[in-house]
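K.L.:
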Amino acid sequence: MARSRGPAIELRNVAYRLPNGRSLLNSLSLTISAGDTLILLGRSGSGKTTSLKLINRLLEPSEGEILVEGRPQSEWDLISLRRSIGYVIQDAGLFPHWSVERNVALVPRLGGWSDERVRDRVRQMLALVGLDAAEFAHRLPHELSGGQRQRVGVARALAADPPILLMDEPFGALDPITRAELQREFRGLAARLGKTIAFVTHDVREALLLGTRIALLAAGGLAGVYSPEEFLHASEPEARAFVDSLGGDVPCAPPNSGGGQV
Amino acid sequence: MNFFQFLVQQRVEILQRTLEHLWLVAAAMGAAVLIGLPLGIVLVRRRRLRRWVLGAANVIQTIPSLALFGFLIPVPILGGIGASTAIVALALYALLPILQNTYTGIAGVDPAVLESARAMGMTPRQTLWQVELPLSMGVILAGVRVATVITIGVATIAAAIGAGGLGVFIFRGVAVASNAVILAGAIPAALLAITADLLLGLLERRLTPHSAARE
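So the sequence lines, in the order shown, correspond to chains A and B. Numbered by numbering that gives the first Met the number 0, the letters in the first sequence go through residues 0 to 261 in order. Numbered by numbering that gives the first Met the number 0, the letters in the second sequence go through residues 0 to 214 in order.
In structure tokens form, the structure reads like this:
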């Protein structure tokens, strides 16, 4: 899975305004290198979710340009762009009328894979996220716990092997124990799969634990990009505020700095 | 002669009128679903249109049925004496619950689910057929069920413009002041309505996605 460490995603002077003129994002420039797990960290309303949704064009930038794998979004077919970007949101957003199997199979099926290949892939993906296919494949989302739903959400996002993964507070709605468990597994997974990941959170512990880079957003702009190590010692006031909120309780070990360099 | 002997004696005509009645209802419901379902879907996408269309359907609903049948008689093509006019009027009545429920059902699909569908690269058409319609099927069918029961009832009045159906007995019974004749139309009509309600209710429960039913 060798990948060049070029930019996988590049935002160039991107602004986003609501139809009513309110600005959510002003002139954001940000590069995410292939294989990195970039955390978009910020308070509520800082523009982090907006930035994420601009990447797979759930939102259209009002100004500026976004390059995905070196190509401007405008050159991408919208549907194939989205199918090569996995997407995981807080409550997983699973289709409630579909079984776990069918949910995970979605993107491969849309891509026209053969039934057999889809079935194999689903099994493989469920195993990857730690769910026993025999037990879970036929369950409906409401028959799962929050943590299990989130695992299925990750499996669905990874099913078609997209090079890029967008995650919007995927573990935000989970209890602390389940969250810690999923975070731990996610670290391992991210390091092993070598995907380019953009991960939105307002939880600074999560950012330090999972990120290879941390992009700090404040009031619709970029306050700085740091490695987790740098972030802890950054002098930027917003970064300080986040670090101070830890109260000295710094999560162990700057996370897998080598993640994705396979 | 008691009432039951009367029914037995009239069985051929009762059967014939019941079939006529069913035809009126089926044709009207078919037309109402064919128009109401797509229109309801369009209303979700075009909110501006929504007020006008639902408003118009509401107004139609308030016209007394006998008056609506009467209004349609002089209308060219759609109108005139007979079953086709009745079917047009019945379809107009059935439209509102179908429109309303299609709109409500689809507009009520969880936005997070729709965002996922978009983000996964589903086209709008795929999202409609695979996500929005299945998830709102229960609500849409509830509308169809209400519309069917209304139509079965209103269709008895269609006899007034020569459309046939079980209303023929009712009007005849009123004219000759015979309860037995009225009941020969009213009882089968009521039974049709109850049966349709039960069957569509069953279908509704079967097609309502599990989770949606529980939430």
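Just so you know, even glycine gets a beta-carbon here, dropped at the ideal spot from N, CA and C.
#1: Expressed to the nearest angstrom, what Euclidean distance is found between the alpha-carbon atoms of G184 (chain B) and V121 (chain A)?
#2: Assign V74 (chain B) to one of two classes, buried (16 or more other C-beta atoms within 10 Å of its C-beta) or exposed (fewer than that).
#3: Under 7 Å Cβ to Cβ from A217 (chain A), same chain only, skipping five residues before and after it: list those, please.
#4: For E62 (chain A), write down the residues that DSSP places opposite it in a beta bridge.
#5: Among residues of its own chain, excluding the 5 on either side of V117 (chain A), which ones have a beta-carbon nearer than 8 Å to its beta-carbon?
#6: Would you say F106 (chain A) lies against chain B (beta-carbon separation less than 8 Å)?
#7: Please name the residues in the stretch 65-84 of chain A whose beta-carbon is closer than 9 Å to at least one beta-carbon of chain B, in chain order.
#8: In terms of residues, what are the limits of the beta strand (DSSP E) holding A217 (chain A)?
#9: Return the first residue and the last residue of the beta strand (DSSP E) that A222 (chain A) is part of.
#10: Counting only C-beta atoms, is E203 (chain B) closer than 8 Å to chain C at any point?
#11: Any idea what DSSP makes of M166 (chain A), helix, strand or coil?
#12: Going by DSSP in three states, P96 (chain B) sits in which element: helix, strand or coil?
#13: Output yes or no for whether 8 Å exceeds the beta carbon distance between L181 (chain A) and Q149 (chain A).
#14: Can you check which of these residues, B:F168, B:A174 and B:L48, is closest to E12 (chain B) by C-alpha distance?
#15: Going by beta-carbon coordinates alone, are A90 (chain B) and A176 (chain B) separated by less than 8 Å?
#16: Between A:A7, A:R178 and A:S83, which has its C-alpha nearest R117 (chain B)'s C-alpha?
#17: Measure from the C-beta of S177 (chain B) to each C-beta in chain A and report whether the shortest distance is under 8 Å.
#18: What are the residues in the stretch 127-146 of chain B lying within 7 Å of chain A by C-beta distance?
#19: Measuring CA to CA, which of B:V180, B:T101 and B:I181 is closest to G142 (chain B)?
#20: Is it buried or exposed for N102 (chain A), if we count other Cβ within 10 angstroms and need 16 for buried?
#21: Strictly under 8 Å for the Cβ-Cβ distance: is V112 (chain B) near chain A by that measure?
#22: Might you give, ordered along the chain, the residues of its own chain that have their beta carbon closer than 8 Å to the beta carbon of T187 (chain B), omitting 5 neighbours on each side?
P.N.:
For this structure:
#1: Counted from its first residue, the second sequence places residue 184 (chain B) at position 185. Counted from its first residue, the first sequence places residue 121 (chain A) at position 122. One C-alpha to the other measures close to 58 Å.
#2: By 1-based counting over the second sequence, the position of residue 74 (chain B) is 75. Exposed.
#3: Here residue 217 (chain A) refers to the residue found at position 218 when the first sequence is read from its first residue. The answer, listed in chain order, is G41, S45 and E237.
#4: If you number the first sequence from 1, residue 62 (chain A) lands on position 63. In the DSSP output, where bridge partners are listed per residue, E62 (chain A) has A:A14.
#5: Within the first sequence, residue 117 (chain A) is the residue found at index 118, counting from 1. Closer than 8 Å at the Cβ level, and outside the excluded window around V117 (chain A), lie A104, P107 and R108.
#6: As a working note, residue 106 (chain A) is residue 107 in the first sequence. Residue identity check: residue 106 (chain A) is Val in the sequence provided, not Phe. So yes, V106 (chain A) belongs to the interface.
#7: L77, I78, S79, L80, R81, R82, S83 and I84
#8: As a first step, residue 217 (chain A) must be located in the first sequence, where it is residue number 218. A217 (chain A) -> beta strand (DSSP E) spans R212 to A217.
#9: By one-based count along the first sequence, residue 222 (chain A) stands at place 223. Residues G220 to Y225.
#10: Within the model displayed, chain C is absent; protein chains A and B are what it includes.
#11: Residue 166 (chain A) sits at position 167 when you count from the first residue of the first sequence. Of the three classes helix, strand and coil, the one that applies to M166 (chain A) here is strand, per DSSP.
#12: In the second sequence, the residue the question calls residue 96 (chain B) occupies position 97. Reduced to three states, the DSSP call for P96 (chain B) is helix.
#13: Counting from 1 along the first sequence, the entry for residue 181 (chain A) is found at position 182. Counting from 1 along the first sequence, the entry for residue 149 (chain A) is found at position 150. In this structure, L181 (chain A) places its C-beta atom within 8 Å of the C-beta atom of Q149 (chain A).
#14: Taking the first residue of the second sequence as position 1, residue 12 (chain B) is located at position 13. Ranking B:F168, B:A174 and B:L48 by Cα distance to E12 (chain B) puts B:F168 first.
#15: Here residue 90 (chain B) corresponds to residue number 91 of the second sequence, with the count starting at 1. Here residue 176 (chain B) corresponds to residue number 177 of the second sequence, with the count starting at 1. Contact: no.
#16: By 1-based counting over the second sequence, the position of residue 117 (chain B) is 118. Nearest option by C-alpha distance: A:S83.
#17: Here residue 177 (chain B) refers to the residue found at position 178 of the second sequence. Not closer than 8 Å to any Cβ of chain A, the Cβ of S177 (chain B) fails to qualify, so no.
#18: V130, P133 and L134
#19: Along the second sequence, read from residue 1 onward, the residue named residue 142 (chain B) stands at position 143. Taking only the C-alpha atoms, the option nearest G142 (chain B) is B:T101.
#20: Along the first sequence, one-based indexing puts residue 102 (chain A) at 103. Its Cβ being crowded by 16 or more others within 10 Å, N102 (chain A) is buried.
#21: Counting from one through the second sequence, the residue named residue 112 (chain B) turns up at place 113. Chain A, which has a Cβ nearer than 8 Å to the Cβ of V112 (chain B), makes this yes.
#22: Locating residue 187 (chain B) in the second sequence gives position 188, where the first residue counts as 1. Residue identity check: residue 187 (chain B) is Pro in the sequence provided, not Thr. I13, R16, T17, H20 and L165.
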